[in-house]
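**Q** Numbering (this note's numbering), first residue to last: 1 to 337.
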Amino acid sequence: MKTCRPLTTVVLFILCFACKREVVKQTSLGAFSVQALATFTDTVKIPINDLGAGTFMGKVGGLYPGGVNAPFGTYAADLMTFSKDIKPLNADGEPASNGVVGFIAIGGSTCGKMMSALTDKTTGNPLTNGKLKMVNCTNGEGSASLNSLMNASDTIWPIIMNKLGRRKLTVSQVQVIYLETDDSIQLSGFPDRPLRAKQEYVQTLKMFKTKFPNVKLVYVLGRTTTFLTKKKKLIHNVEPNPYYNGWACKWLIEDQMNGVPGTRYKGASAEVPMVTWGWYQWAYGTSQPRKDGFTWEASDTEDGLHATPAGSDTLSGYFQNFLLTDIYAKNWYGKQD
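(1) Which of the three DSSP states, helix, strand or coil, is assigned to Ile-185?
(2) Are the region 152 to 159 and the region 299 to 312 touching, with three or more C-beta to C-beta distances below 8 Å?
(3) Thr-286 to Thr-295, Cα distance in whole Å?
(4) Within the continuous beta strand (DSSP E) that includes Gly-102, where are the two ends?
(5) Give me the residue from Lys-330, Phe-56 and Gly-108 with the minimum Cα distance to Leu-217.
(6) Residues in the same chain with beta-carbon distance under 7 Å from Asp-92, minus the five sequence neighbours each way, listed in chain order, please.
(7) What residue from Phe-56, Gln-281 and Lys-206 has the CA that sits closest to Pro-273's CA?
(8) Go ahead and label Phe-82 buried or exposed: buried means 16 or more other beta carbons lie within 10 angstroms of its beta carbon, across all protein chains shown.
(9) Could you spell out where the beta strand (DSSP E) holding Met-150 opens and where it closes?
(10) Tell me, to the nearest whole angstrom, how far the beta carbon of Asn-136 is from that of Ser-116; I am working on the premise that it is less than 8 Å.
(11) For Ser-145, collect the residues of the same chain with a Cβ closer than 8 Å to its Cβ; drop the 5 residues on either side in sequence, then sort them by chain order.
(12) Classify Lys-2 as helix, strand or coil using the three-state DSSP reduction.
(13) Is it right to say Ile-46 is buried, meaning 16 or more other beta carbons lie within 10 angstroms of its own, or is it exposed?
(14) Might you give, ordered along the chain, the residues of its own chain that have their beta carbon closer than 8 Å to the beta carbon of Asp-78, omitting 5 neighbours on each side?
(15) Are the Cβ atoms of Gly-246 and Tyr-201 separated by less than 8 Å?
(16) Helix, strand or coil for Pro-242, going by three-state DSSP, please let me know.
(17) Contact between the region 307 to 319 and the region 249 to 268 is defined here as three or more beta-carbon pairs at a separation below 8 Å; is this criterion met?
(18) For the ligand MN, any of its heavy atoms closer than 7 Å to the Cβ of Pro-88?
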């Protein structure tokens, strides 16, 4: 994997503090030009953040509606309010100076690898909120698909609760969730698969609202590119399905922004927590970088799916840089005055 100079002083500090290698990558090829993007057909997979106002199978890209990559309007104002409202809570979920900010990860094994590496980068880091209490509720114990998480009686929930208990974090202290998972049903078409996954995300968010009464924000990152064949792994881990997962996340957020029934995130009648983008992690799957310089190749994985230690270091470095520099996330993740 190629690397380059970090883009910000925050990233530079992170490298000195916790990383084994540089986080942000560049290449002499630079980002795709507008002209080059224009030559792509509507059926070519392009990272959603690079696609912008372009289309894939007739659907406009961009992480947020209208082909843009940043929150806007009422949703952005609410995101700022929710981010600033995240404060330390005691075991009963009441504000307390000696309380903690519960930040947990729920999802599959790839989510677990990311959270483990991010926790290592966060613990003791003077740039981060000293009240953060991070718990990795993943690590591959039981199924953690959307199909499992949206089911209150599924065996995944006792596993999650046991992990919280071992770390002495109560459900009332959980305020932020990093969610990375997928639909496990053998369906591969577009837009059918991401539309199905979107609905399952909604049901999962409703379950989060029930299980964690004080949860305010759920971060989604989509999934990384995978390098598997149908003969080796379940189809949900085979491209283009990981790419489609990003579309499910995008449309989930768009539904919240558009006030679609079932996705209300504020007020007394809130049905789900607010969901927003973290650092979007799908790339081209070749040496061709995204516009931000990120590449993800088979050599970054152990088996075509799970990141190598170096790959985990890269992914978590990007995610942490997002949490430290994003105008919303830094209010709860960054060092507090």
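Glycine included, C-beta positions come from ideal geometry on N, C-alpha and C.
In this text the structure is predicted, and so the values were computed from the model without any measurement.
**A** For this structure:
(1) Of the three classes helix, strand and coil, the one that applies to Ile-185 here is coil, per DSSP.
(2) No: the two stretches stay apart, fewer than three of their Cβ pairs being nearer than 8 Å.
(3) For Thr-286 and Thr-295, the gap between their C-alpha atoms comes out near 7 Å.
(4) Note, Gly-102: beta strand (DSSP E), 101 to 107.
(5) Of the listed residues, the one whose Cα sits closest to Leu-217 is Lys-330.
(6) Ser-172, listed in sequence order.
(7) For the options Phe-56, Gln-281 and Lys-206, the alpha carbon positioned closest to that of Pro-273 is the one of Lys-206.
(8) Buried.
(9) From DSSP, Met-150 is part of no beta strand (DSSP E); its letter is neither H nor E.
(10) About 6 Å; that satisfies the 8 Å criterion.
(11) Excluding its 5 nearest sequence neighbours in each direction, Ser-145 has C-beta neighbours in its own chain below 8 Å: Gly-108, Thr-181, Asp-182, Asp-183, Ser-184 and His-236, listed in chain order.
(12) Only weak support exists for where Lys-2 lies, its pLDDT of 42 falling under 50; the coordinates are left without a value.
(13) Ile-46 is buried by the Cβ-count criterion.
(14) Residues Tyr-265, Lys-266 and Met-274 of the same chain have their beta carbon placed closer than 8 Å to that of Asp-78, with the five preceding and five following residues left out of the count.
(15) No, they are not a contact pair.
(16) Helix at Pro-242.
(17) Here the region 307 to 319 does not lie against the region 249 to 268, with fewer than 3 beta-carbon pairs under 8 Å apart.
(18) In the structure on display, the ligand MN does not appear, and there are no ligands present to speak of.
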